[in-house]
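Protein chains in written order, with our numbering: chain A, 2 to 505; chain B, 823 to 1395.
Encoded structure:
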């Protein structure tokens, strides 16, 4: 319980580092105890390591493209540099964030699908300022919008695939009338950079989707939680908002909240904790955010892509959207990176196969061996699954998942054990440390893999199956549950890579 | 109407096939504990918000997801089938323990928590004998968090009970978790130490040996401690405590749960109050005209003095530290006026959950009012002495540091008036007056105190007094017996029975034995909580020591099975 008048919400907005003076200043300014400020600030890498220099991405795609050599170059030149978890620039791998949060890369940004008005998000097209979907949603009324959403079969695009309509309805069913809408733009799953493109290319689509959501559920306050590494998208969104704030969006208050470097804040309850100025640790559920979310009030938290799908659904109907999908409803933004010719974000019917996706992305580079279909959390699949539909149901059949559809393709030149290690490092760094299975399990997975890579002794990985099971059973949130999956799936599908021989 | 409401509030459910009843809205863990079914847990505590981070209370529920759920955050639904001990559940629980142990140093032989450590206990109950991990353990800092609490980061399991205590109970917010992932640990902000009046409770709450009370560590193994259920004499709150002693010397005092009195807590000052009994300034020998003598010699002199003086010419002086029984005896054996000295007010503190540390540093001020009624600070005694009305004063001073009598009274006492002094401290009165006997500290005597809310509670002797100390009850009754007041010397309980008979308005219907561990309210008291509502069902042990609450069930079995004959003496009654 905080002292009266304390403004915890402001803590993470005003704190810049974890130095004694800074924490004391923030504590005085916000009325929050110094220990609280210190604990919260130390959680986020951008605050706890403010002057670390260049942040070299060590996400899987960047690692495959030589981020380790890049890092060594920095050290050789005597420039300060640290490794960072995925910075969401997999199409430009290897990428680095400059101390001023600008992306540094030899490569230009990846491709997107060509303009096509028949695509709901149509990243290649131009953004429209007419906000006709918002007007249409007012004609339809709340129930009409929800009916369209239900008919569209839109599943949450953040990774879990929860039906968007049901989430909105859950909030509508609450008696509390103070409600919030939050856009989850804390895109940090290694291999994923689709939300970045939506924000850069179709900011109005997102703002419109948020407005429709807010009006449907009866919220006045709209929050956009965007990872702090995305300075360009933040600027773009702010500019877009300025264009229309007094026009179609009048009456709604848009707030921007910047993340401070914590993957776990993409988990919706951790995101809420971060927005409230605390350590970004997932809450235990129930209650769900739709019941008690931001500031304890019913809250809809949707992914950027989910919200961007809403305006076209409202305009052209749920059935139309549903019909765009192949195995499941709608189109999907697939991010593809790794060993392919043209990495990028492609809007394709939900349920295309890897081969189809890679065909759009210019084809494979080298001989493909494995792929990770939906970010680090989805583990690895053998290339023999290249025909499998990339959708929620079909991938879960093989113990993987679509997740955020951040597809990474690996060819024969990259060691699967190294790849698994890359993901293990990621999960170890990004575990919030709240529950024992994840906090300690992620470290043990990494250590075991490191031990294996050093000695090539298969015994180092002897107990991984048990460990993975215990992490899956015991963890609070999804991070701990899947943190061992990259390794276990790699061992399952590529036993040769872990039998001591080296390459798969 | 009310009957049907009660009925509707009860939710039938089963644990491992056995039928139980939960209250509506109750979690599986609460319902299980209330029904006497123990599910292991670290981070959950009835006074704190649910954190759900230790994952120790995993159970499977039907209806429910296929994965195990934490019992502390799963609400019982009607007909729910809880599986708390199938192989599947136990394996998941073992896994959690193995994780915790993967980081935890196996330093039980030198850890002060050993013997009352939940991690140790659960490892015994649920642990695997081997570990699959050979990885390096994480190293975390080891330092003082505040003047009282020492932190051993390597032992910490990050259950955050201590953090939540400082946030939710004291509201002082000194503690936090810093950093993240496996590099996280509990810490204070540099320059803001953990220094609130209840900081010692964080060590009680710590289920492992991570937060330790630096006042008591490295003194005794806990299984050698013998606990006595008593009441703290530090202030008028009357916190229920376990006075834990080894080799007839008090090693520490820990709180006992009593909801209307002290919840689960006690203050740091109270924890140190037993030190008042071991000061150098204590009187530990009888004195005759200031010279040390045998008790019997002093007693004979006192009896001569007492019987030579008419009762009407005998006054008494006492303090807010005297038990009700001592007060009753003083009033009975003298006919002159009486005076009471109180310790001046000290620091008060109120927690967010309503535990009130009283500013009144006298444990029995309310008892003085109940037994003696209207008494002053010694004004009438002074006048009596000055006017020659009073020839003998019986001084019963068990106030630590000695009573601080009014100046006028001191002047009067310095005169020719005779005095029989029973004193905790070797005061100037004890050194200069005719007869002096050593008195007892609250940890050495039996009797009753009335707390600030009118609750009558028992203090119990936990250790013996130094030297040849007979104590107030003995000396006062000897004096009274010589004057024909009592046929024989009684125990505190016997004196209480006489008190109850003599003051039926306040004490009527109360019996000494009936006071039990949590006391009873006096007639008309502010706190009218009946004894069976004083403790929650979760555990009857002090603060977090769930391990001890299990004693009855598991430790017996452990003893029997252990070839080493674990735990020769255990004091947690």
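Here a beta-carbon is modelled for each residue, glycine too, at the ideal position from N, C-alpha and C.
- Per the DSSP secondary-structure output, residue 1260/B pairs in a beta bridge with 1245/B.
- Inter-residue distance for residue 871/B and residue 892/B is about 14 angstroms (C-alpha atoms, whole angstroms).
- Contact with chain A is found for residue 918/B, since one of that chain's Cβ atoms lies less than 8 angstroms from the residue's Cβ.
- Approximately 5 angstroms separates the beta-carbon atoms of residue 1243/B and residue 1252/B; this is inside 8 angstroms, confirming the contact.
- Boundaries of the beta strand (DSSP E) around residue 973/B: 971-974.
- In the pairwise beta carbon analysis, the segment 976-983 of chain B is classified as touching the segment 1020-1032 of chain B: at least three pairs are separated by under 8 angstroms.
- Between residue 380/A and chain B, the shortest Cβ-Cβ separation is not below 8 angstroms.
- Restricting attention to beta strand (DSSP E) runs no shorter than 3 residues, the segment 1310-1347 of chain B encloses none.
- Between the alpha carbons of residue 37/A and residue 441/A lies a distance of about 24 angstroms.
- Separation of the CB atoms of residue 330/A and residue 154/A is rounded to 3 angstroms, and the pair is thereby assigned contact status at 8 angstroms.
- Beta-bridge pairing by DSSP links residue 354/A to 390/A.
- Contact between the segment 1010-1024 of chain B and the segment 982-993 of chain B is established, with three or more Cβ pairs separated by less than 8 angstroms.
- Contact check for residue 479/A and residue 378/A: beta-carbon distance about 7 angstroms, within the 8 angstroms limit, so the pair qualifies.
- Spatial neighbours of residue 389/A in its own chain (CB-CB distance under 8 angstroms, excluding positions within 5 residues in sequence) are listed in chain order as 354, 355, 382, 395, 396, 399.
- About 12 angstroms separates the beta carbons of residue 886/B and residue 835/B, which is beyond the 8 angstroms limit, so they are not a contact pair.
- Within its own chain, the residues whose Cβ lies closer than 6 angstroms to the Cβ of residue 201/A, once the five positions on either side in sequence are excluded, are 234, 237, listed in chain order.
- At the C-beta level, residue 1288/B and residue 1163/B stay beyond 8 angstroms of one another.
- Chain-ordered, the chain A residues with CB closer than 9 angstroms to the CB of residue 876/B read 436, 437.
- In the DSSP assignment, the residues bridged to residue 184/A are 225/A, 303/A.
- In the displayed model, residue 448/A falls within a helix according to three-state DSSP.
- If one requires a minimum length of 4 residues, the alpha helix (DSSP H) runs lying completely within the segment 1080-1152 of chain B are 1081-1084, 1090-1093, 1117-1130, in chain order.
- Taking a cut-off of 8 angstroms for Cβ pairs, the segment 941-950 of chain B and the segment 996-1012 of chain B do not touch, as fewer than three such pairs fall below it.
- Listed in chain order, the positions of the segment 446-459 of chain A with a beta carbon within less than 7 angstroms of a beta carbon of chain B are 448.
- Residues 375, 379, 396 of the same chain have their beta carbon placed closer than 6 angstroms to that of residue 402/A, with the five preceding and five following residues left out of the count.
- For the segment 988-1003 of chain B, the beta-carbon criterion of a distance under 7 angstroms to any beta-carbon of chain A is satisfied by 989, 990, 993, 995, 996, 997, 998, 999, 1000, 1001, 1002, 1003.
- Annotation: residue 1103/B to residue 1247/B spans about 6 angstroms, alpha carbon to alpha carbon.
- In terms of beta-carbon proximity, residue 1247/B stays away from the interface with chain A, with every pair separated by 8 angstroms or more.
- Only buried fits residue 995/B, as 16 or more other CB atoms lie within 10 angstroms of its CB.
- Inter-residue distance for residue 437/A and residue 1262/B is about 50 angstroms (C-alpha atoms, whole angstroms).
- For the segment 1247-1267 of chain B, the set of positions with a beta-carbon nearer than 9 angstroms to some beta-carbon of chain A is empty.
- Scanning chain B for C-beta atoms nearer than 7 angstroms to the C-beta of residue 36/A yields 995, 996, 997, 998, 1010, 1011, 1014, reported in chain order.
- Distances from the CA of residue 1154/B to each of 912/B, 1175/B, 1318/B, 1044/B were compared; the closest alpha carbon is that of 1318/B.
- The same chain holds no residue with a CB closer than 6 angstroms to that of residue 119/A once the five nearest residues on each side in sequence are set aside.
- With its beta carbon less than 8 angstroms from one in chain A, residue 890/B belongs to the interface.
- Between residue 1079/B and residue 1254/B, the gap from beta carbon to beta carbon reaches 8 angstroms or more.
- Between residue 346/A and residue 186/A, the C-beta gap is not smaller than 8 angstroms, which leaves the two residues out of contact.
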